[in-house]
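Enquirer: Sending over a structure as structure tokens; questions will come in a sec.
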Amino acid sequence: MKAILDHIGIAVEDINAALAFYRDALGLEIEAPEDVASQRVRAHVIPTGESALELLEATAPDSPIARYLNKRGPGIHHITLRVDDIRATLDHLRARGVRLIDDQPRPGAQSALVAFIHPSAAHGVLVELKQAAAARPSLTARRMPLGNLSLVSMYDGFFGLDGGAMFGVVPRTLWARQAPPDDRNRIRLAARPLVVEAEWGRMMIDCGIGDKLDAKHRDIYAVSREQALDDALAAVGLAADGIDLALATHLHFDHFGGATARRGGRLEPRFARARYIIRSAEWEDATHPHERNRASYMADDFVPLKDAGVVDFYDGDRTIRPGVRVVRTGGHCPQHQIVFVESAGKTAVFTADLIPTTAHVRDAWIMGYDLFPMETLAFKKRFIREAIDREYLIFFEHDPLVAAGYIREKDGRRHVDQVL
Ligand SMILES: [Zn+2]
Ligand SMILES: [Zn+2]
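Residue numbers for the sequence shown follow the working numbering, so the first one is -2 and each next one is one higher.
Shown next as structure tokens:
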């Protein structure tokens, strides 16, 4: 079992006196309070790096916090350990004879599930278990209209990359709250290709990670494909041989690994009827890797396509099919491109590794993987401004929870209004 210290709960008699110390004397920032009705407490969370302090005041005389204060006075009330699966953890503890206060999890603050272990089992400490809402992601395939086109959000499982590498110069204390790392410092990412359906056919933009990675790489990248591309296609009544075109934003394995598959010892195009549309200069880069990008390009993902004669190469920014146009961003890699999908005055943009997750909507939150981060910054600043002003629907290829949404800005702070 794995557990991470989430927060320490402190029972306070007089919240203003407590704030005078924690907020004013220590100078810590305190989040807006949240009432937890089931416990009759008001919680004031104080972020302290990856864990937090939680000041607890009673909101009714029969609150457990009020009873605690009467008995013991103010002080540390409980510690909270965050687990991935709270029901499995409770089963595990029960099977070992651990005395529990809560047999079943119940709703806590921030839509989490919580359950308490009896202090007698934990050597005098009240231990709360918590399963964060974000630890229960699931992938769904959804079809939505965009003018005369249809967009179908796909998935090809989850994987994990080093959190530091995903956020470049941003300190861990900042990104870890947005994207909690695992015990190997990896954050959870999704692979989310997008299908565009139009009169001219069905186009898959990027193809997911695919199933060719060996056990060593699946372990390094924490690949979990219990919910993979075939499931996503089936969920919306599609199949791999119904794809007419496959377009690459770039040829990194987490974007185009799913373009080929091993069948009977042979590598073949994954989409039997599809033409594969690849930018010539990206093909050049992918087939001539250097020390810095070698781990990202795997020849088995794309060379078999050329051997099979199914690749259509092109140069420069262009409209690939009516309503679908590619724009080179550079930055991440020299030929990295994003895809504009436009119909009847509406615009959706598949941003690939320019804005891989919703945490990356801040201009300077740029991946350490990027070969030319200043190029990323220049393009991103301009693009996000435009996306906010013109209400582009943004598709986040690697976000574990949000497939698509609108970037909004209020008082200089950005957030994403989730649509899918
Ligand atoms: Zn990439
Ligand atoms: Zn990527």
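Cβ coordinates follow ideal geometry from the N, Cα and C atoms, glycine included.
Source: prediction; values computed, not measured.
Thinking C-beta only, is L25 closer than 8 Å to I43?
Expert: It is a contact, given that the beta carbons lie within the stated cut-off.
Enquirer: Rounding to the nearest angstrom, what Cα-Cα distance links A296 and C330 in this structure?
Expert: The alpha-carbon atoms of A296 and C330 are separated by roughly 17 Å.
Enquirer: Relative to the C-alpha of V324, which candidate in I317, R318, I335 has its C-alpha closest?
Expert: V324 has its Cα closest to that of I335, out of I317, R318, I335.
Enquirer: So what does D150 bridge to, in DSSP terms?
Expert: For the sequence presented, residue 150 should be read as Ser rather than Asp. DSSP, once it has assigned bridges, lists R139, L191 as partnering S150.
Enquirer: Is I43 helix, strand or coil by DSSP?
Expert: Strand, per DSSP.
Enquirer: For T373, report the span of its alpha helix (DSSP H) as first-last.
Expert: Unbroken alpha helix (DSSP H) run through T373: 370 to 386.
Enquirer: Excluding the 5 residues flanking V399 on each side, which residues of the same chain have their C-beta closer than 7 Å to its C-beta?
Expert: Cβ neighbours of V399 beyond the five flanking positions: T355, F393, V413, Q415.
Enquirer: Go ahead and label L248 buried or exposed: buried means 16 or more other beta carbons lie within 10 angstroms of its beta carbon, across all protein chains shown.
Expert: Buried.
Enquirer: To the nearest angstrom, report how far apart R133 and R359 are at their CA atoms.
Expert: Because the pLDDT of R133 is 49, which lies under 50, any placement of that residue in the model is unreliable, and the number read from its coordinates should be weighed accordingly. Each residue's alpha carbon lies about 25 Å from the other.
Enquirer: For the beta strand (DSSP E) holding G198, just list the boundary residues, first then last.
Expert: Where G198 is concerned, the enclosing beta strand (DSSP E) stretches over 198 to 202.
Enquirer: For D145, I'd like the list of residues in its chain whose CB is within less than 7 Å of its CB, leaving aside the five on either flank, ordered along the chain.
Expert: Reading the sequence as shown, one finds Asn at residue 145 and not Asp. For N145, where only same-chain residues beyond five positions count, the Cβ hits under 7 Å are S340, A341.
Enquirer: Out of T373, D211, P266, D386, which one is the CA nearest neighbour of C204?
Expert: Looking at the Cα atoms, P266 is the closest of the given residues.
Enquirer: Quick check on the burial criterion: 16 or more other C-beta atoms within 10 angstroms. Buried or exposed for D298?
Expert: Classification for D298: buried.
Enquirer: Can the beta-carbon of R174 be found less than 8 Å from the beta-carbon of A219?
Expert: For R174 and A219, no; Cβs fall outside 8 Å.
Enquirer: Touch check for the stretch 146 to 161 and the stretch 182 to 199: three-plus C-beta pairs under 8 Å?
Expert: The stretch 146 to 161 vs the stretch 182 to 199: in contact.
Enquirer: Going by other Cβ atoms of all chains shown within 10 Å of its Cβ, with 16 needed for buried, is T86 buried or exposed?
Expert: Under this definition T86 is a buried residue.
Enquirer: Rounded to the nearest angstrom, what separates V308 and R272 at their Cα positions?
Expert: Distance between the alpha carbons of V308 and R272: 6 Å.
Enquirer: Check whether the Cβ of H249 lies closer than 7 Å to any heavy atom of ligand 1, and answer yes or no.
Expert: Indeed, a heavy atom of ligand 1 lies less than 7 Å from the Cβ.
Enquirer: If you count every other CB in all the chains shown that lies within 10 Å of the CB of P301, and 16 or more means buried, which is it?
Expert: P301 comes out buried.
Enquirer: Mind checking I54: buried by the 16 CB within 10 Å criterion, or exposed?
Expert: The amino acid at residue 54 is misidentified as Ile; the sequence shows Glu. Under this definition E54 is a buried residue.
Enquirer: Please confirm whether any heavy atom of ligand 2 lies closer than 7 Å to the CB of H214.
Expert: Every heavy atom of ligand 2 is 7 Å or more from the Cβ of H214, so no.
Enquirer: Since A188 contacts I206 with CB under 8 Å, what's their CB separation in whole angstroms?
Expert: Yes, they are in contact, since the Cβ atoms of A188 and I206 sit about 5 Å apart, within 8 Å.
Enquirer: When the Cα atoms are used, what is the spatial distance from M200 to H252?
Expert: Distance between the alpha carbons of M200 and H252 is about 15 Å.
Enquirer: DSSP state of H89, grouped into three classes?
Expert: Three-state DSSP puts H89 in a helix.
Enquirer: Where in the stretch 3 to 35 do unbroken runs of the beta strand (DSSP E), each at least 3 residues long, occur, reported from the N-terminal end onward?
Expert: If we require 3 residues or more, the beta strand (DSSP E) runs fully inside the stretch 3 to 35 come out as 31 to 33.
Enquirer: Using only alpha-carbon positions, find the residue among K377, A109, L351 that is nearest to Y366.
Expert: The candidate whose alpha carbon is nearest that of Y366 is L351.
Enquirer: Scan the stretch 267 to 307 and note each continuous alpha helix (DSSP H) run of 4 residues or more that stays entirely inside, going in chain order.
Expert: Runs found: 277 to 284, 300 to 304.
Enquirer: Is I27 near H41, with beta carbons less than 8 Å apart?
Expert: Cβ atoms of I27 and H41: closer than 8 Å.
Enquirer: Return yes when the C-beta of D350 is under 7 Å from any heavy atom of ligand 1, and no when it is not.
Expert: Yes, ligand 1 has a heavy atom inside 7 Å of this Cβ.
Enquirer: Between D408 and D386, what straight-line distance do the alpha-carbon atoms span, to the nearest angstrom?
Expert: The alpha-carbon atoms of D408 and D386 are separated by roughly 15 Å.
Enquirer: Alpha carbon to alpha carbon, how far is P177 from T246?
Expert: Looking at the two C-alpha atoms, the distance is approximately 27 Å.
Enquirer: R260 by DSSP, collapsed to three states: which one?
Expert: Looking at R260 - three-state DSSP - the assignment turns out to be strand.
Enquirer: Please indicate yes or no: does the CB of P353 lie closer than 7 Å to some heavy atom of ligand 2?
Expert: The answer is yes for P353.
Enquirer: Looking at the unbroken alpha helix (DSSP H) that takes in K68, where does it start and where does it end?
Expert: Unbroken alpha helix (DSSP H) run through K68: 61 to 69.
Enquirer: Report all residues from its chain with a CB closer than 6 Å to the CB of G46; omit the five preceding and five following residues, and keep chain order.
Expert: Counting only Cβ-Cβ distances below 6 Å, and skipping sequence neighbours, we find T170.
Enquirer: Provide the residue span of the beta strand (DSSP E) that contains R410, from first to last.
Expert: That run of the beta strand (DSSP E) goes 410 to 415.
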